[in-house]
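Here is the structure we will look at, set down as structure tokens.
Protein chains: 2
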Amino acid sequence: MVAERRPRKDATRNRAAVLTAADALFAQCQSPEDVTMADIAAAAGVGKGTLFRAFGDRTGLIRTLYEARLEPIRNAVEEGPPPLGPAAPPIQRVPALLDAVLCFKLDNRHLALALEGAGSDSPYRTEHYERWHTLLRDLLNLIPGLIESDFTAHALLAATRADLVEYLADEKRVPREEMREQLANFTATILGTSARRGVAAED
Amino acid sequence: MVAERRPRKDATRNRAAVLTAADALFAQCQSPEDVTMADIAAAAGVGKGTLFRAFGDRTGLIRTLYEARLEPIRNAVEEGPPPLGPAAPPIQRVPALLDAVLCFKLDNRHLALALEGAGSDSPYRTEHYERWHTLLRDLLNLIPGLIESDFTAHALLAATRADLVEYLADEKRVPREEMREQLANFTATILGTSARRGVAAED
DNA sequence: CGTCGAAGCGGACCACCGGTCCGTATCGTA
DNA sequence: TACGATACGGACCGGTGGTCCGCTTCGACG
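From first to last, the protein sequence lines are chains C and S.
When we follow this note's numbering, the leftmost residue of the first sequence carries the number 806, and every step to the right adds one.
When we follow this note's numbering, the leftmost residue of the second sequence carries the number 806, and every step to the right adds one.
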């Protein structure tokens, strides 16, 4: 009945400090695992208790960070201009969407890695995966000639898994643009817009 | 110079006991994380030290188990009859291979999950992933009209990731046969052997 | 079969991590 | 200024992977 009580000033300040510190730490370290909660608390200049009260647990913190970073893209997808936005025809929007996801994972490897490899929780049982998947599936459904959009959507998203992206970028030294093009071609093949075989696909 | 000294009898016996016990425990429990090393040692009737001397660390144990289970399939692929074996034409062998991988992951969810989600170590920097990937890539290269076999091979394998498979099977209740067919159709689309669009693809 | 060095054993022990708890400090309001 | 509610922080806890070392067992050799 009563309105939500506004949080205290120091609480919000600390919350922001923690997010900033955590972001920096994750960006610096190789493996997300060697950033401990204590490290983050120390870097933010707060106690560990504060950390857990603000975000619940480790996963909560990481997810908050992740979704903050994701928000611009989410906006661009939900209400931005084509080819990402809703006005774009599916045949263009699907590749644009996957490209956006890929770029996001490239730019935020550490976070994505931390979230997807967060031990116990499957990356699939998260709200934002559900969102991406549903959107993608619905778009695929609008493209004539495609079947099993549900599984296809999963498979396409699987091609942008954070650890795969990290492996290709860091270990195999695949340049960013090359990777984007490979994913684009892969997507095109599935959508039937591929130029392979040298026949059809034009005019 | 000297030949490798053969391990003592009790050592090999214990090693086997540990593998058996670990296999059983992983099969029983939901999440691989709630099988601890101490649990395994206790179930096998040995001390924890034995466990670590035999396998190095947790990942080593799991990998040993995993590869033991994988061996039949590996054999079938390397020297078995078509469509899995080397005699099969690539256009048939690729789908057969992916189907085999999928079935393996379905049958050994717990192990695959334990290995792929083994925290620090990327599932991509393992020897057996390299094997699967190389084989698949080379096969794709033999199929005319396909480009970027390297990335495509990664993407196809990503569609059989253990956590995705587990999610679809356990959470979404997708029946085994349905999943196999979905993957088969997905593969067919990429290989250009798909029947979608109702045109071509026959005769 | 008895001896004896070495390989193997086991479980107490360690470092460390995520997460909790509660006495204390701070905020915001009257 | 006074005071209740809110938030703070770091000592503390349970539990995990991994180590260590005194003791046991193996098996080769005489």
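The C-beta atom is built at its ideal place from N, Cα and C for all residues, glycine as well.
As the structure is a computational prediction, the values presented were derived from the model and not from experiment.
In this structure R978/C is exposed. Its beta-carbon is surrounded by fewer than 16 other beta-carbon atoms within 10 angstroms.
At least one CB atom of chain C sits nearer than 8 Å to the CB of Y929/S. For Y972/C, at least one C-beta of chain S is nearer than 8 Å to its own C-beta.
Rounded to the nearest angstrom, the Cβ distance from A822/C to G850/C is 7 Å, consistent with a contact under 8 Å.
Listed by position along chain S, the residues whose Cβ is nearer than 7 Å to that of D968/C are S927, P928 and Y929.
Linking A893/C to V882/C through their CA atoms gives a straight-line distance of about 10 Å. Shown here for L907/C: same chain residues with a beta carbon closer than 8 Å to its own, the five before and five after excluded, namely T965, V970, M984, R985 and L988 in chain order. For a Cβ distance threshold of 9 Å, residue set F991, T994 and I995 of chain S lies close to I995/C, ordered along the chain.
DSSP places P895/S inside the alpha helix (DSSP H), whose first and last residues are P895 to D912. A960/C reaches chain S at A964 and F991, counting residues in chain order whose Cβ is nearer than 7 Å. The residues I878, A881, V882 and L889, in chain order, have a CB closer than 8 Å to that of A905/C in the same chain once the five nearest residues on each side in sequence are set aside.
In the structure shown, P886/C falls within a coil segment according to DSSP collapsed to helix, strand and coil. Contact with chain S is absent for E884/C, since none of that chain's Cβ atoms lies less than 8 Å from the residue's Cβ. When C-alpha distances from S999/S are compared across G852/S, T825/S, A960/S and Q897/S, the shortest belongs to Q897/S. E884/S counts as exposed, since fewer than 16 other beta carbons sit within 10 angstroms of its beta carbon. Q833/C is outside the set of residues whose beta carbon lies under 8 Å from a beta carbon in chain S.
Within the model, the alpha-carbon separation for A963/C versus I948/S is close to 23 Å. For Q835/C, the secondary structure class from DSSP, reduced to helix, strand or coil, is coil. Residue contact with chain S for F860/C: absent (no Cβ-Cβ distance below 8 Å to any residue of chain S). For the options R818/S, R811/S, L875/S and R868/S, the alpha carbon positioned closest to that of G922/S is the one of R868/S. The C-alpha of E976/C lies about 17 Å from the C-alpha of W937/S.
Pairing Q833/S with Y871/S, the inter-Cα distance amounts to about 16 Å. For I845/S, the enclosing alpha helix (DSSP H) begins and ends at M842 to A849. Using beta-carbon distances, E976/S counts as an interface residue toward chain C, with a partner under 8 Å.
Chain-order list of chain S residues neighbouring T957/C: F991, by C-beta distance under 7 Å. Counting only the Cα atoms, Y929/C lies some 7 Å from E935/C. Contacts with chain S at 8 Å (Cβ-Cβ) include Q987/C. When rounded, the separation of the alpha-carbon atoms in L824/S and L856/S is 10 Å. Proximity to A993/C across K853/C, A848/C, L902/C and E838/C peaks at L902/C, based on C-alpha coordinates. If you look at I995/C, you'll find it in the alpha helix (DSSP H) that goes R981 to L996.
By the Cβ-count criterion, D968/C is buried, with 16 or more other Cβ atoms from all chains shown falling within 10 Å of its own Cβ. Check the Cα spacing between A816/S and each of D839/S, A843/S and G854/S: the tightest is with G854/S.
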